[in-house]
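In the numbering used here, the protein residues as written are 1168 to 1573.
Right under this line is the structure:
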């Protein structure tokens, strides 16, 4: 419900009552009007201060940017003034960015669907050896990243992003199930993976509906923190084999370090800043895992340029579209981690691989130029619209606030 207030000055001001939708619950509920103020607004008794012409609207308002160490915490309810109201354009853009994030499910789902269909045909045709070409370890890494980000976005109660990550977990698990049926991965690993996935989904969704005890959630967060810290260095190391020796030492060292850090936090031996860093690690390691995927792909393109013909330009375009649809939401709520991961996916995994395909004459010039112009136009529109709803002087101010604050 929105109430339009027109004060006696010549410049009309809008006071929009925030909605109760869950999709933008990063805004604390204390920003809603109290019942007393709502009734005053309806009766026309609630007055706004007059604003000079061409000044920033009284109804405009700034979110405190989410810094690198605080990205997994919702905005504290006591840090934002209650009497500030979102302008109507802000509320509309809030709703629209939530829909964009939800729409990202379609391209991301289409990314995995062709592989699932192909695997099913090979299984039904008795061609199990064809599934050996699908790296189950890479699939597992991506699925663990989805699980970690699912927990991150459930804490922030971002419905669109929650659905994106949940579908990522489920669709990747279907591929892993197909690999297990084809005996393309060890059965014992598949059983362990299944237990982790089932437990993770149950814990995350019980947390979303506030049915989970805080002690159990803390244990799950510690688990994904240790897992993320262990997997990320090992994946980075493995990318450059055989130029680096084949070793599990990076993963083992980071695994031991992660366990020690968690135990020290449990015993209260870490300073406050250390606890903050540890709390944000699971989200950042998951983001860095996804950010590393295009690096590994482009490294492979450099070493084996002939193999790039196996890449699909449509797949790269879908990756660029899916990540691009998440950018406006991440920028609006000033979530640096989310924006960094999505922007990296657009630029390197999507557009970067399209550039490689174009340079090696694997896609047409018209297709590449159309994708490039559309990408630049979308980025420009995202920053322009964000600066407009926040009442900022230029789109560069939005980026500055995202990185370093107002």
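For glycine and all other residues, C-beta sits at the position ideal for the given N, C-alpha and C.
- Residue 1363 and residue 1419 have their C-alpha atoms spaced approximately 20 Å apart.
- Here residue 1449 really is in contact with residue 1319; their C-beta atoms are around 7 Å apart, less than 8 Å.
- Excluding the 5 residues flanking it on each side, residue 1505 has same chain C-beta neighbours closer than 6 Å at 1497, in chain order.
- Distance check between residue 1409 and each of 1517, 1466, 1451 places 1466 closest, using alpha-carbon atoms only.
- About 5 Å separates the CB atoms of residue 1391 and residue 1315; that is less than 8 Å, so the two are in contact.
- Remark: fewer than three beta-carbon pairs, one from each stretch, lie closer than 8 Å, so the segment 1396 to 1403 and the segment 1369 to 1380 are not flagged as touching.
- Counting only residues of its own chain and dropping the five nearest sequence neighbours on each side, residue 1534 has a CB closer than 7 Å to the CB of 1480.
- Counted as a single uninterrupted DSSP element, the stretch harbouring residue 1353 is not any alpha helix (DSSP H), since DSSP gives it neither H nor E.
- Counting the other CB atoms within 10 Å of its CB gives residue 1473 a total below 16, which places it among the exposed residues.
- Rounded to whole angstroms, the gap between the alpha carbons of residue 1552 and residue 1560 is 12 Å.
- Residue range 1520 to 1526 is occupied by the alpha helix (DSSP H) that includes residue 1525.
- Under the Cβ criterion (8 Å, minimum of three pairs), the segment 1483 to 1494 does not count as touching the segment 1421 to 1438.
- Out of 1276, 1317, 1529, the CA that lies nearest to the CA of residue 1338 is found in 1276.
- Taking C-alpha positions only, residue 1422 is separated from residue 1447 by approximately 17 Å.
- Each of 1295, 1415, 1441 was checked against the Cα of residue 1427, and the nearest Cα belongs to 1441.
- Shown here, residue 1412 sits in coil according to DSSP, grouped into three states, outside any helix or strand.
- At least 8 Å separates the beta-carbon of residue 1346 from that of residue 1402.
- Non-local C-beta neighbours of residue 1545 in its own chain, meaning closer than 8 Å and more than five positions away in sequence, comprise 1491, 1494, ordered along the chain.
- Judged by beta-carbon spacing, residue 1484 lies within the 8 Å limit of residue 1521, meaning their Cβ atoms are closer than that value.
- Excluding its 5 nearest sequence neighbours in each direction, residue 1272 has C-beta neighbours in its own chain below 7 Å: 1330, 1331, 1334, listed in chain order.
- When C-alpha distances from residue 1310 are compared across 1452, 1482, 1511, 1255, the shortest belongs to 1452.
- One thing to note: residue 1507 has its Cβ no nearer than 8 Å to the Cβ of residue 1549.
- In the three-state DSSP reduction, residue 1262 falls in the helix class (H, G or I).
- The Cβ-Cβ distance between residue 1349 and residue 1303 does not fall below 8 Å.
- Here residue 1537 is exposed, its C-beta having fewer than 16 other C-beta atoms within 10 Å.
- Of the residues 1360, 1387, 1540, the one whose Cα lies closest to the Cα of residue 1373 is 1387.
- Within a 10 Å sphere around the beta-carbon of residue 1306 sit 16 or more other beta-carbons, which makes this residue buried.
- Of the candidates 1515, 1289, 1312, 1328, the residue whose Cα lies closest to the Cα of residue 1265 is 1328.
- Sequence-distant partners of residue 1564 (beyond 5 residues in either direction) whose C-beta falls short of 7 Å from its own C-beta, in its chain, are 1554.
- Between the alpha carbons of residue 1292 and residue 1280 lies a distance of about 18 Å.
- Per DSSP, residue 1568 is one residue of the alpha helix (DSSP H) stretching across 1562 to 1571.
- Around the beta carbon of residue 1312, a 10 Å sphere encloses 16 or more other beta carbons of the protein chains shown; the residue is thus reported as buried.
- In the structure shown, the three-state DSSP call for residue 1465 is helix.
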